[in-house]
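Chemist:
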Ligand code: F6R
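Right, here's the structure in full:
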């Protein structure tokens with residue numbers, strides 16, 4: 002795992018966008034794995050700016066989102082399809098036909114999950130996966146106790162995740178308890194992972210992911226076994242890391258040897 006500590010959430014987004022931009026420049030027909038939630042919103046803003054400025058194009062990009070709620074339709078303002086269209090897709094030159102998000106309202110979620118796995122394989126697999134992390138260590142909606150060998154499937158959300166995401170739903174509104182999510186093994190097959198975490202409410206999960214033992218109780222810890230994972234955190238999310246000074250010195254050396262092209 003490469004751990005990059007940035008001063009604040011804006012710098013995390015800028016750094017994350019550099020990796021994504023570099024991927025698209027190197028391979029214009031990249032297959033990107035995308036995440037929802039609050040963490041990647043600033044990163045998506047950076048990508049929109051880069052696209053508007055003509056520095057990158059999504060014209061040949063395909064995307065697969067990590068997950069979708071079951072039981073609300075695509076037009077619902079809390080569906081992940083709605084979120085992605087609104088936050089990213091309508092602002093960039095991507096072909097919507099090349100944007101994949103599990104369908105949460107087919108009535109056959111297990112079948113949809115299997116189809117989704119097949120669609121990823123048909124498109125040649127995911128080149129770069131953007132991830133956030135839940136305060137309980139989940140990635141996608143792979144909640145603690147998820148099999149580390151899991152594939153795309155239906156998951157019931159934990160109370161912690163229901164609580165964390167309740168901020169998006171009004172009190173009278175139905176909040177889904179289940180989702181279709183890529184599995185841990187599905188995520189492990191992506192060629193490169195860029196995981197972002199910001200804020201002190203993520204500090205314990207980041208510590209468990211980077212410095213804890215590999216355990217299904219912190220599904221993100223499985224990324225220790227991934228050959229190319231970059232974790233980009235702000236100071237608040239990094240605060241519990243025992244080796245943070247070491248990560249900083251490694252990063253200074255890495256930057257010196259491999260200066261990242263400026264894509265800002
Ligand atoms: C989103 C997803 C989740 C979030 C995580 C963090 O598609 O799969 O794993 O990345 O819950 O959410 P935020 O960024 O809202 O704290």
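Residue numbers (this note's numbering): 2 to 265. Quick reminder that beta carbons are idealized off the backbone N, C-alpha and C, glycines included.
Identify every run of the alpha helix (DSSP H) within the segment 215-241, keeping only runs that are complete inside it and at least 4 residues long; order them along the chain.
Modeler: The qualifying runs are 236-239.
Chemist: Taking the alpha-carbon of residue 179 as reference, which of 103, 19, 253 has the nearest alpha-carbon?
Modeler: Nearest C-alpha to residue 179: 103.
Chemist: Please list, in chain order, all residues of the same chain as residue 198 whose beta carbon is under 6 Å from its beta carbon, the five residues on each side excluded.
Modeler: Excluding positions up to five away in sequence, the list reads 134, 207, 234, 238.
Chemist: Might you give, ordered along the chain, the residues of its own chain that have their beta carbon closer than 8 Å to the beta carbon of residue 68, omitting 5 neighbours on each side?
Modeler: For residue 68, where only same-chain residues beyond five positions count, the Cβ hits under 8 Å are 37, 81, 103, 141, 142, 180, 181, 182, 183.
Chemist: Who does residue 101 pair with in a DSSP beta bridge?
Modeler: Residue 101 pairs with 65.
Chemist: For residue 9, which of helix, strand or coil comes out of DSSP?
Modeler: Coil, per DSSP.
Chemist: In or out: residue 173 buried (at least 16 other Cβ within 10 Å) or exposed?
Modeler: Residue 173 should be labelled exposed.
Chemist: What are the start and end residues of the alpha helix (DSSP H) that includes residue 76?
Modeler: Neither: residue 76 is in no alpha helix (DSSP H) and is coded neither H nor E.
Chemist: Taking the alpha-carbon positions, what's the residue 122 to residue 60 distance?
Modeler: Taking the straight line from one Cα to the other gives about 20 Å.
Chemist: Which one of 214, 18, 248, 71 has the shortest CA to CA distance from residue 114?
Modeler: Closest by alpha carbon: 71.
Chemist: Spell out whether any CB of chain B is found under 9 Å from the CB atom of residue 154.
Modeler: The chain inventory of the structure shown lacks chain B, comprising one protein chain alone.
Chemist: Just to check, is the beta-carbon of residue 94 closer than 8 Å to a non-hydrogen atom of the ligand F6R?
Modeler: Residue 94: no, Cβ never under 8 Å from the ligand F6R.
Chemist: Just the Cα atoms here: how many angstroms apart are residue 90 and residue 66?
Modeler: Taking the straight line joining both Cα atoms gives about 12 Å.
Chemist: So which of 76, 75, 188, 87 has the shortest CA-CA distance to residue 49?
Modeler: Measuring from the Cα of residue 49, the nearest candidate turns out to be 87.
Chemist: Put residue 255 into one of helix, strand or coil per three-state DSSP.
Modeler: It is helical.
Chemist: Would you mind reading off the limits of the alpha helix (DSSP H) that contains residue 46?
Modeler: It spans 42-53 - the alpha helix (DSSP H) in which residue 46 sits, taken as one unbroken run.
Chemist: Within the same chain, show all residues whose beta-carbon is closer than 7 Å to that of residue 47, passing over the 5 residues directly before and after it, in chain order.
Modeler: Closer than 7 Å at the Cβ level, and outside the excluded window around residue 47, lie 14, 15, 18.
Chemist: Have a look at the DSSP bridge pairing and note the partners of residue 70.
Modeler: Paired residue(s): 180.
Chemist: By the three-class DSSP mapping on this structure, what secondary structure does residue 138 have?
Modeler: Note: residue 138 maps to coil in three-state DSSP.
Chemist: Out of curiosity, what's the CA-to-CA distance linking residue 251 and residue 260?
Modeler: Residue 251 and residue 260: Cα-Cα distance of roughly 13 Å.
Chemist: Along the chain, where does the alpha helix (DSSP H) containing residue 114 start, and where does it finish?
Modeler: Start and end: 110-123.
Chemist: With which residues is residue 196 paired in a DSSP beta bridge?
Modeler: DSSP lists 132, 232 as partners of residue 196.
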